[in-house]
Amino acid sequence: MSKAVVIDYQALGMEVRTTCEHIGEQLEKALKEIRTTLDDASLLVDDSMNTHEALVTKKAEHLKEEVISLLSQVETFEHTEIKRVNNHSRVYKDYLAFQQDIQSRAASALQRTTKIMTHDVYALRTMIDEAFIERSKTIRQRLISPGNAIDLAFSNKLAAVEDVLLRDAIYRLALLPEHRTLTFDEFVSRAKQSLEDEIAGCLVENKDDITNGIKREMVENHVAPEAIESITSIETVEEIRKQASKAIIGERVRKETLKAVIAAIRARGFIVSNENIRLDRSTDQVILVAKKASGQRAQFKIHIDGRFIYAFDGYEGQACQEDIEPFMEDLETVYGMKMTERDVIWENPDKISTMRYQSQKTGKSGQ
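Quick look at the structure:
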């Protein structure tokens, strides 16, 4: 017999918590890398570089505060009970809007963290280039010399630019006679583009080293070798880091799913031992086998795409439901995994030692 049943199933809490954990680690890594860069070039460091570090630290602190707020929002969401009686009801629409807001905030925070890991970290390296430092000093001296003076209004606006690297880029543009007729906003726009080009060049120059470092992160998080190798064909460092973060978060969500499955199946009296948990790289799925002393057996195959397959056998008739239904209920109520789809692949309810296979699919963001 086969049948299909559609049910709500989300692993939103797992996904967002894992994303927030990854954000925190990446921010700490960025700040550490900036501090190491400054320490290694201590003889070249000036006030502008220390200001840049302070600015990035401020961005990181704001993101950490947002992560705390996001985790609180997820907790509220998980305690929101919703019955999908009428998909057009205002209550259900509000529920979906709440979910989408959490997903959007998590994605935005991750994107800004990626920007810090690429743009802000490597912007500092352009500043430490000794020629760049000397050039900036020369430019400042020439700007205040007769014939190159800038008016007070321009100076005040320039002083208000918080990003020291952008400020230097504006200085360089202001030096050129052909730019004297530009408005301050036009200076800022052109300086931003010039700065982006300069940092992009630094990223290209260091791409191999950056990519190797990202690969090490992926290995440490047990990402599949094929996924690790695939990033080498990606053109930009920012996109490489985005794809690496996606793979790392996906692997961590799978790990959390495995923990939830183990805890829920143990609550049904099954015994789970480490030797019965393995990763099959040929199919990229984690396989778990749990057994009862009375002979019943449950097997789970957990995929990276938010899907797992389970099989129960050793039961007579419909007796397996006495374990399956409470097990699935625990996954939903205790571990926050709400199902969107349930497809029974095969079942035979009439004999002992039959197998019951089911595929469960999580409703991950973007799927």
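According to the numbering used here, the sequence shown is numbered sequentially starting from 403.
The beta carbon of each residue, even a glycine, is placed where N, CA and C say it ideally should be.
The way I'd put it, the stretch 462 to 480 does touch the stretch 492 to 507; three or more beta-carbon pairs between them come closer than 8 angstroms. Boundaries of the beta strand (DSSP E) around A700: 699 to 705. Rounded to whole angstroms, the gap between the alpha carbons of I704 and K657 is 9 angstroms.
In this structure, I706 lies away from D725, with their beta-carbon atoms at least 7 angstroms apart.
The straight-line gap separating the alpha-carbon atoms of A669 and V625 is approximately 29 angstroms. Membership of K461 in the alpha helix (DSSP H) is indicated by the continuous run 449 to 480. With a beta-carbon spacing of about 12 angstroms, F710 and A666 fall beyond the 8 angstroms limit used to define contacts. If you draw a straight line from the Cα of A499 to the Cα of I636, it comes to about 33 angstroms. Distance from the Cα of D610 is smallest, within the candidate group K434, I633, Y494, for I633. Assigned with DSSP and collapsed to three states, R709 falls in strand. Straight-line spacing of the CA atoms in I651 and Y497 works out to 24 angstroms.
Scanning the stretch 595 to 648 from its first residue to its last, the whole alpha helix (DSSP H) runs of 4-plus residues come out as 609 to 622, 627 to 632.
Each residue's CA atom was taken as its position, placing K617 and K648 some 13 angstroms apart.
Remark: C-beta atoms of V523 and E435 approach each other more closely than 7 angstroms.
Taking the C-beta atoms as reference points, V639 is found no nearer than 7 angstroms to L597.
Of the other Cβ atoms in all chains shown, fewer than 16 fall within 10 Å of the Cβ of D599; this residue is therefore exposed. Cβ-Cβ separation between Y717 and Q698: approximately 6 angstroms, consistent with a contact (criterion under 8 angstroms).
Listed in chain order, the non-local C-beta contacts of H581 below 6 angstroms within the same chain comprise L575, local neighbours out to five positions each way being set aside. Within the same chain, Cβ atoms closer than 7 angstroms to the Cβ of T459 are found at L433, the five residues on either side in sequence being excluded.
For L512, the number of other beta carbons within 10 angstroms of its own is at least 16, and it is reported as buried. For F672 against K693, the beta-carbon gap comes to about 6 angstroms, under 8 angstroms, which counts as contact. DSSP, read as helix, strand or coil, puts Q428 in helix. Nearest to H464 by C-alpha distance, out of T583, I425, E628, is I425. Under the 10 Å beta carbon count, T482 is surrounded by fewer than 16 other beta carbons and is classified as exposed. In the structure shown, A443 adopts coil according to DSSP, grouped into three states. Your pair G415 and G708 does not check out as a contact, with CB atoms roughly 13 angstroms apart and the cut at 8 angstroms. For K694, there is no enclosing alpha helix (DSSP H), as DSSP marks it with neither H nor E.
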